[in-house]
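Worksheet for the structure shown next.
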Amino acid sequence: MSIELFNESGVDVPEQLIIEAARFAMARMDVHPAAELSIQLVDLQAMTDLHVQWMDLPGPTDVMSFPMDELTPGGRPDAADPGPAMLGDIVLCPEFAADQAKSQRHSFEHEIAVLTVHGVLHLLGFDHAEPDDEKEMFGLQGQIIVDWYSARDDRVRLQEQAQRDTRLLRNTGFSGDTAGS
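FYI, in my numbering the residues of the sequence shown are 17 to 197.
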């Protein structure tokens with residue numbers, strides 16, 4: 017998956033975390049592995065302008081999604097390979113997200129990850145305008161975030177174990193270039 021991130025917000029953000037969350041959500045939703053996604057981070061004024069222009073709503077918001085190609089999660093096993101496509105654009109407002117994280121008493125990083133997954137789901141056609149749709153979308157969003165954290169924790173544990181194994185092998189003389197000795 018090709019994910020491009022453009023930070024025009026003036027805020028220092030965990031860019032790799034955003035990309036990882038987006039990649040995980042796209043994979044979880046069976047988006048074609050060659051699909052492309054653009055993520056743009058903007059300041060409050062730019063988000064306000066977009067919110068007014070596209071939603072006819074005043075003030076800034078946290079995330080907006082602009083789908084490009086009509087992609088749906090999954091697909092039929094007997095369907096032809098659809099090939100790569102441009103999923104669309106996600107626009108995040110880190111300043112708005114930081115205030116939201118503070119009011120909800122969780123980390124900025126968590127808020128940014130949740131908003132990224134939320135944006136991906138919107139690109140795939142999920143919405144929360146109706147109560148049943150909201151329940152489905154937020155339930156799916158929550159499960160993806162839980163699974164993403166679990167996968168990240170597993171990676172960290174594996175990396176730590178590999179480092180311990182490498183130290184042990186080095187300390188016992190079993191590492192390094194011993195093949196030619």
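The beta carbon of each residue, even a glycine, is placed where N, CA and C say it ideally should be.
In three-state DSSP terms, what is residue i?
i      : result
Val83  : It is worth fixing the name first, because residue 83 is Pro in this sequence and not Val. Three-state DSSP puts Pro83 in a strand.
Phe124 : helix
Phe154 : helix
His48  : coil
Thr132 : helix
Ser166 : helix
Val172 : helix
Arg40  : Before going on, a small fix: residue 40 reads as Phe here, not Arg. It is helical.
Glu31  : helix
Leu137 : helix
Leu60  : helix
Pro76  : coil
Asp199 : Nothing can be reported for residue 199: it is not among the residues displayed for the chain, which extend from 17 to 197.
Round the Cβ separation of residue i and residue j to the nearest angstrom and send it over; I've been treating them as touching at under 8 Å.
i      : j      : result
Gly104 : Ser81  : 6 Å
Glu52  : Met102 : 5 Å
Around the C-beta of residue i, are 16 or more other C-beta atoms found within 10 angstroms, so that it is buried, or is it exposed?
i      : result
Met71  : exposed
Pro76  : buried
Val47  : buried
Val58  : buried
Ser197 : With a pLDDT of 44 at Ser197, under the threshold of 50, the predicted position of this residue should be treated as unreliable, and no value is reported.
Ala37  : buried
Leu108 : buried
Asp181 : exposed
Ala178 : exposed
Val68  : exposed
Ala117 : buried
Phe142 : buried
Val133 : buried
With a Cβ-Cβ cutoff of 8 Å, do residue i and residue j count as a contact?
i      : j      : result
Ile128 : Pro147 : no
Met42  : Val136 : yes
Leu60  : Ile106 : no
Leu156 : Asp78  : no
Met63  : Phe22  : no
Met17  : Pro49  : yes
Asp19  : Arg39  : Note on identity: in this sequence residue 19 is Ile, with Asp being the wrong assignment. Yes. Within cutoff.
On the DSSP bridge assignment, give the partners of residue i in chain order.
i      : result
Glu20  : Ser54
Gly104 : Leu53 and Pro83
Taking 8 Å as the threshold (beta carbon to beta carbon), is residue i in contact with chain B?
i     : result
Glu20 : Of the protein chains in the structure, only one exists, and it is not chain B.
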